[in-house]
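Visitor:
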RNA sequence: GGAGAGAUGGCUGAGUGGUCGAUAGCGGCGGUCUUGAAAACCGUUGUCCCUUUGCGGGGACCGGGGGUUCGAAUCCCUCUCUCUCCGCCA
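Numbering (our numbering), first residue to last: 55 to 478.
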C-alpha cells in the first residue's frame with residue numbers, strides 16, 4: 055500500500071509511474087486527494103468540538119466539588135449539543151476514512167525508475183545468463199516420464215491420496231528433495247541468513263500484512279473451522295514476524311531464510327503448463343527475506359540476485375536473469391528479477407525464483423518501521439524477498455538436463471547432500 | 001472437549017468513575033563520577049492523526065467493537081486472543 059503522504063505530495067508523479075505498470079491511476083488518485091481534504095476538514099471540526107467537551111467535563115468536575123449545582127446544570131446542558139455534533143462528525147470522518155482506505159489498496163506499487171517499459175513477458179529484459187545448454191538425444195524424455203521411469207515421483211498416487219498437483223516423492227526422488235532443501239538452507243546460512251521454521255498456517259492478520267488478503271483470498275487454502283490459511287510461501291509468516299515492529303538502526307541487516315511447504319490453489323490456471331512438476335498445489339521452497347534501510351535496499355536487491363545466481367550456478371543449470379517490465383510486474387513490487395532455468399527436454403525456460411524489492415509498500419501495511427537514531431521519528435523500512443529456491447522446476451530441469459543412458463547424473467554440489475551421484 | 005483466570009506503554013507490573021497517556025521497577029538514551037568499565041546518583045524515554053513557516057496548539061489510543069455517563073483504563077454488553085488445570089494425544 056502506498057502511503058497517503060506520497061500520494062498527497064506527488065500525485066502527478068504517482069500517476070505517471072503507475073502508467074508504466076499499465077495502470078490508469080488518475081481517477082483513484084484524484085478521489086483520494088479530494089476525500090483526504092474533506093477528511094481533514096472534518097477532523098478539524100470534530101477535534102475542536104471534542105476539545106470543548108473535554109474542557110467542559112473538567113469544569114463540571116470542579117463545579118461539583120465546589121457544590122455549585124446551578125453552574126453544573128448549566129454546563130451539562132451545553133454538552134448535549136456538542137455531543138450530537140461530535141457524533142455526526144465522527145460518522146462522516148469514519149466514512150471518508152474507509153473510502154480512502156478502499157481506494158488506497160487498489161493502487162499497485164510504483165515501479166522503480168529502472169523498470170523497462172513493456173506490456174508482457176515478451177518485453178522483459180534479459181540481464182544476463184549463464185551455464186551451458188545440455189546436449190540431449192532427440193528422444194530425451196520430459197521430467198514426468200523420467201520421474202516414473204526411475205520411480206522418483208508418483209503423480210497418480212498423489213491424485214489418489216489428495217488430488218492433482220500433490221505429487222508423492224519416493225526413494226531417491228524423496229531423498230533428492232531433502233538434499234536440495236538442506237543444500238539451500240546451508241548455503242543461506244553460510245551467507246548470513248538466520249534460519250526460521252515458521253508455522254505453515256497463518257491467521258487473517260498475517261494474510262493482510264503481506265497482502266494476500268483480502269484480494270487474493272481465492273489463491274490460498276482456507277481452514278474454515280479455525281479461520282487459518284495455508285501459506286502460499288514462507289514469505290507470509292516470516293515477513294509477519296516484523297508486523298507492528300519498530301527496529302533500531304543497529305538491528306540491520308535483517309536476513310532470514312526459511313524452508314516451507316507452500317500451498318497454492320492456482321484457481322483458474324488449469325490446462326496450460328501444468329504437466330508434471332511445472333505447476334503444483336503443494337511444493338517445497340526455501341525463501342530469503344530481508345528488511346533493509348531505504349537508502350540501501352537496492353544494493354541489497356543486487357546482493358540477493360547475486361546470491362540466487364550462485365545457487366543455480368552450483369547446480370550447473372543453464373539460467374538467465376530477467377528484469378520484469380512494467381506490464382509483467384506484480385502488484386506489490388517496485389522491481390523484480392526473475393530467474394529462469396532451461397528445461398532441456400521441454401525446451402523451455404522455467405521460472406524458479408523471483409527476487410523483489412517492495413520498498414515500503416509491504417512495510418506500510420505491516421507497520422514495519424525503523425528508527426534512524428534514538429529520539430527520532432520512526433519511518434517505514436523496506437522489505438525484499440526471493441525464492442532461493444523453489445524445488446519442483448529445479449528438479450524438472452535437473453532430471454531432464456542430466457539424463458544419460460546410464461541414468462540421471464547429480465550435480466557435484468548436491469552429492470554430499472544426496473549421498474549418491476547417480477540415479478541409475 | 002470440560003473448568004477457571006487474564007489481556008495496561010520495549011518488558012515486568014500498579015491502577016475500579018474526574019488533570020491517568022497512565023504509579024513503580026527493569027531496559028534504552030543523555031549526563032555526573034572513573035584512566036576505562038561496572039556500581040551509584042541526576043535527568044530523559046510511547047504511537048498515530050489534524051493544525052502551525054516556526055515556537056506551539058488540539059485530538060485519538062490501556063486486546064477489538066458497542067453502550068451507560070457531563071466525564072471511562074476503571075461500570076455494562078459483545079467478540080477475539082492468551083494462560084492455567086483436567087481429559088485426549090505426536
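Where is the CB? At the ideal position from N, CA and C, for every residue including glycine.
1. Compare the beta carbon distance of residue 255 and residue 296 with 8 Å and say whether it is the shorter of the two.
2. Along the chain, where does the alpha helix (DSSP H) that runs through residue 366 open and close?
3. Report all residues from its chain with a CB closer than 7 Å to the CB of residue 372; omit the five preceding and five following residues, and keep chain order.
4. Give the DSSP bridge partners of residue 60, in chain order.
5. Less than 8 Å between the CB atoms is what I'm expecting for residue 264 and residue 416, so what's the real figure, rounded?
6. Assuming the contact rule is C-beta atoms closer than 8 Å, residue 165 and residue 75 should be a hit. Round their C-beta distance to whole Å, please.
7. Alpha carbons only, please: which of 238, 132, 361 and 383 is nearest the one belonging to residue 179?
8. Could you name the residues of the same chain whose beta carbon sits closer than 6 Å to that of residue 69, not counting the 5 residues immediately before and after it, in chain order?
9. Among 143, 61 and 335, which one has its Cα closest to the Cα of residue 161?
10. Per DSSP, what are the beta-bridge partners of residue 433 in this structure?
11. Rounded to the nearest angstrom, how far is the Cβ of residue 335 from that of residue 209, given a contact under 8 Å?
12. Let me know the secondary structure DSSP gives residue 98 once reduced to three states.
13. Identify, in the order they occur along the chain, each residue of the same chain with its Cβ nearer than 6 Å to the Cβ of residue 332, setting aside the five sequence neighbours on each side.
14. Helix, strand or coil for residue 311? Go by DSSP, reduced to three states.
15. Report the rounded CA-to-CA distance for residue 436 versus residue 303, giving the unit in angstroms.
16. Does residue 370 pass the burial test, meaning 16 or more other C-beta atoms within 10 Å, or should it be called exposed?
17. Can you look up residue 379 in the DSSP assignment and give me helix, strand or coil?
18. Within its chain, find whatever has a CB closer than 8 Å to the CB of residue 29; leave out the 5 residues flanking it on each side and keep chain order.
19. State the Cα-Cα distance for the pair residue 226 and residue 330, rounded to the nearest angstrom.
20. Whether or not the stretch 347-362 and the stretch 451-470 are in contact is what I'm after, with contact meaning three or more pairs of Cβ atoms, one per stretch, closer than 8 Å; do they touch?
21. From 173, 122, 106 and 90, pick the residue whose C-alpha is nearest to that of residue 149; which is it?
22. Using DSSP with H/G/I as helix, E/B as strand and the rest coil, what is residue 290?
23. Cα separation between residue 386 and residue 319?
24. Within the same chain, show all residues whose beta-carbon is closer than 7 Å to that of residue 173, passing over the 5 residues directly before and after it, in chain order.
25. Restricting to Cα atoms, I'd like to know which of 288, 432, 206 and 88 is closest to residue 298.
26. Measuring CB to CB, does residue 190 end up less than 8 Å from residue 399?
27. If distances are taken between C-alpha atoms only, which option among 413, 92, 169 and 177 comes closest to residue 145?
28. Just to confirm before moving on: does the CB-CB distance between residue 234 and residue 445 stay below 8 Å?
29. My guess is that residue 100 and residue 154 are in contact by the Cβ rule of under 8 Å, so how many angstroms apart are they, rounded?
Guide: Here's the rundown:
1. Not a contact, by the Cβ cut-off of 8 Å.
2. Looking at the DSSP string, the run of the alpha helix (DSSP H) that includes residue 366 is 351-368.
3. In the same chain as residue 372, and ignoring 5 residues on each side of it, the C-beta atoms closer than 7 Å to its own belong to 185, 186, 187, 395 and 396, in chain order.
4. Partner(s): none; residue 60 has no beta bridge.
5. About 6 Å; that satisfies the 8 Å criterion.
6. A Cβ-Cβ distance of about 6 Å is found for the pair residue 165 and residue 75, placing them in contact under the 8 Å criterion.
7. For the set 238, 132, 361 and 383, the Cα lying nearest the Cα of residue 179 is the one of 383.
8. Correct list, in chain order: 79, 80 and 83.
9. Comparing alpha carbon positions, the residue from 143, 61 and 335 closest to residue 161 is 61.
10. Its beta-bridge partners are 424.
11. Taking the Cβ atoms as the reference, residue 335 lies roughly 12 Å from residue 209, outside the contact range of under 8 Å.
12. Residue state for residue 98 is assigned as helix, using DSSP reduced to three classes.
13. Result list for residue 332: empty, nothing under 6 Å.
14. Residue state for residue 311 is assigned as strand, using DSSP reduced to three classes.
15. Between residue 436 and residue 303, the C-alpha separation is close to 13 Å.
16. With 16 or more neighbouring CB atoms inside 10 Å of its own CB, residue 370 falls in the buried class.
17. Assigned with DSSP and collapsed to three states, residue 379 falls in coil, not helix or strand.
18. The structure shown has nothing for residue 29, since the chain only spans 55 to 478.
19. When the Cα atoms are used, residue 226 and residue 330 turn out to be separated by approximately 17 Å.
20. Because the criterion of three Cβ pairs below 8 Å is not met, the stretch 451-470 and the stretch 347-362 do not touch.
21. When only C-alpha atoms are compared, the closest one is 90.
22. Residue 290: helix per DSSP, three-state reduction.
23. C-alpha separation (whole angstroms): 20 Å.
24. Closer than 7 Å at Cβ, skipping near neighbours: 76 and 381.
25. Closest by alpha carbon: 432.
26. Contact flag set, yes.
27. When the alpha-carbon of residue 145 is set against those of 413, 92, 169 and 177, the nearest one is in 92.
28. In this structure, residue 445 lies closer than 8 Å to residue 234 by Cβ.
29. Contact flag wrong, Cβ pair sits at about 16 Å.
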